[in-house]
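Q: Residue numbering for the sequence shown is 11 to 208, as defined by the numbering used here.
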Amino acid sequence: MGDEALFWEDSWDGHPPILSSFPQLQTLCHIFTNARWVTVEHFKTVKRVGQLEVTCWKDIQEWPVGGLEEDRAVLAKTLESRFCSSICEQDVLAWNPSPKGKFTVAQGYAMLDGNQHGPNIVNWWKKVWHNLSWPKCNFFLWLLVQNKCLTWENLHKRGFHGPSICLLCSKNEECTSHLFFYCPYSREIWHRWWEAWR
Ligand SMILES: [Zn+2]
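See below:
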C-alpha cells in the first residue's frame, strides 16, 4: 500500500491529506528536497530524505527542525497506527464523495462547482454555454461533461481499432476520467493550476 499515493498531499488510507491535518508542518515538508513528492511507501521505508539521513519514519520527532514538537509527536503517533493497520495491497484510486469510490466526470464538476449533492441539480447548459470563454472551449467542455470526448475508450465504442493506452503516461487505459483527472501528467497540471490559483 502507498507506492503511488503522495505522503503529504494525497488523501490516502481514507484519511484527509497529512498537510491538511497538520498545516503547521508545511515548512517541515518543504525543507526536505523533493519531500513533497515522497510516496507513502517510500516514506515508510526511506533511510534518506533529501540530504538528511532519517533512520525511519518514527524518527520524525528527531528531525532537525525547531518548534512544532507537539504536531510532530501527534503525527508520529498517527502514522504508527495507520502504517500498522495498512493492508499490503496495490493502491487503488477511490472517489471519496461516492460510497463505492467510483468517480464520474459529472460528479467531479459538481464538486468543483461547490455542489456535492450530485449532478441532477446542476444546470450544465447554463454553466457551459456562456459568453465569457472561447466558443471552442465551451464546446470541448460540453463534450467532456457528457463523456463524448474522443478518448481511446470512446473511439473503441464506435468500432475504432487501435491502441487503448494513454499517450501521456503510457500506463493506463485512456478514458475520460483518467485523461483529465487521474493521469499523472494531468494531476501535475491540476496541481500547478491549483497552486497558482489559490
Ligand atoms: Zn495517462
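Backbone N, C-alpha and C fix where the C-beta goes; we use that ideal spot for every residue, glycine too.
(1) For the alpha helix (DSSP H) that contains GLU14, what are its first and last residues?
(2) Taking the C-alpha atoms as reference points, what is the distance between LEU178 and GLU80?
(3) Is the closest heavy atom of ligand 1 to the C-beta of HIS188 under 7 angstroms?
(4) For LEU35, does the count of other Cβ atoms within 10 angstroms reach 16, so buried, or fall short, so exposed?
(5) Going by the C-beta, is ASN164 closer than 7 angstroms to any heavy atom of ligand 1?
(6) Could you tell me whether the Cβ atoms of SER21 and ASN106 are closer together than 8 angstroms?
(7) Please report the straight-line C-alpha distance between TRP207 and TRP135, rounded to a whole angstrom.
(8) Ligand 1 and CYS185: does the residue's C-beta get closer than 7 angstroms to at least one heavy atom of that ligand?
(9) Quick check on the DSSP output: the alpha helix (DSSP H) that includes TYR195 runs from which residue to which?
(10) Let me confirm a value: HIS188 is counted as buried when at least 16 other C-beta atoms fall within 10 Å, else exposed. Which label applies?
(11) Buried or exposed: where does GLY118 fall if 16 or more other Cβ atoms within 10 Å of its Cβ makes it buried?
(12) Starting from GLU184, trace the alpha helix (DSSP H) in both directions and tell me its first and last residue.
(13) Could you have a look at TRP88 and say whether DSSP puts it in helix, strand or coil?
(14) Over what stretch of residues does the alpha helix (DSSP H) that includes ILE28 continue unbroken?
(15) May I ask you to check if the CB of CYS179 is nearer than 7 angstroms to at least one heavy atom of ligand 1?
(16) Express the C-alpha separation of GLU90 and LEU154 in angstroms, rounding to a whole number.
(17) In whole angstroms, what separates the C-alpha of ASN157 from that of LEU85?
(18) With distances taken Cα to Cα, identify the nearest neighbour of GLU51 among LEU78, PRO145, CYS94.
(19) Between GLU205 and the rest of its own chain, which residues show a CB-CB distance below 7 angstroms, the 5 nearest in sequence each way excluded?
A: Let me lay it out:
(1) Against the sequence shown, residue 14 aligns to sequence position 4. That residue, GLU14, is in no alpha helix (DSSP H); it is neither H nor E in DSSP.
(2) Translated into the one-based positions of the sequence shown, residue 178 becomes position 168. Translated into the one-based positions of the sequence shown, residue 80 becomes position 70. If you take the alpha carbons of LEU178 and GLU80, they lie about 42 angstroms apart.
(3) Locating residue 188 in the sequence shown gives position 178, counting from the first residue. Checking every heavy atom of ligand 1 against the Cβ of HIS188, one is found closer than 7 angstroms.
(4) Translated into the one-based positions of the sequence shown, residue 35 becomes position 25. With 16 or more Cβ atoms within 10 Å of its Cβ, LEU35 is classed as buried.
(5) As a working note, residue 164 is residue 154 in the sequence shown. No, the beta carbon of ASN164 sits no closer than 7 angstroms to any heavy atom of ligand 1.
(6) Residue mapping note: residue 21 aligns to position 11 of the sequence shown, counting from 1. Residue mapping note: residue 106 aligns to position 96 of the sequence shown, counting from 1. Yes.
(7) Numbered from its first residue, the sequence shown carries residue 207 at position 197. Numbered from its first residue, the sequence shown carries residue 135 at position 125. Rounded to whole angstroms, TRP207 to TRP135 spans 25 angstroms at the Cα level.
(8) Residue numbering aside, residue 185 sits at position 175 when the sequence shown is read from its first letter. CYS185 Cβ: outside cutoff for every heavy atom of ligand 1.
(9) Working through the sequence shown from its first residue, we reach residue 195 at position 185. Looking at the DSSP string, the run of the alpha helix (DSSP H) that includes TYR195 is 194-207.
(10) Within the sequence shown, residue 188 is the residue found at index 178, counting from 1. Its Cβ being crowded by 16 or more others within 10 Å, HIS188 is buried.
(11) Translated into the one-based positions of the sequence shown, residue 118 becomes position 108. Buried, because 16 or more other Cβ atoms sit within 10 Å of the Cβ of GLY118.
(12) Translated into positions along the sequence shown, residue 184 becomes position 174. That residue, GLU184, is in no alpha helix (DSSP H); it is neither H nor E in DSSP.
(13) For this step, residue 88 is matched to residue 78 along the sequence shown. Per the sequence shown, the amino acid found at residue 88 is Thr instead of Trp. If DSSP states are grouped into helix, strand and coil, THR88 belongs with the helices.
(14) Mapped onto the sequence shown, residue 28 falls at position 18. Taken as a continuous stretch (DSSP letters only), the alpha helix (DSSP H) holding ILE28 covers 28-31.
(15) Taking the sequence shown and counting its residues from 1, the one referred to as residue 179 is at position 169. True, at least one ligand heavy atom lies under 7 angstroms from that Cβ.
(16) Residue 154 sits at position 144 when you count from the first residue of the sequence shown. Residue 90 sits at position 80 when you count from the first residue of the sequence shown. Roughly 42 angstroms separates the two Cα atoms.
(17) Numbered from 1 along the sequence shown, position 147 holds the residue referred to as residue 157. Numbered from 1 along the sequence shown, position 75 holds the residue referred to as residue 85. Looking at the two C-alpha atoms, the distance is approximately 41 angstroms.
(18) In the sequence shown, counting from the first residue as 1, residue 51 sits at position 41. When each option's Cα is compared against that of GLU51, the closest is CYS94.
(19) Counted from its first residue, the sequence shown places residue 205 at position 195. Excluding residues within five positions, none has a Cβ falling inside 7 angstroms.
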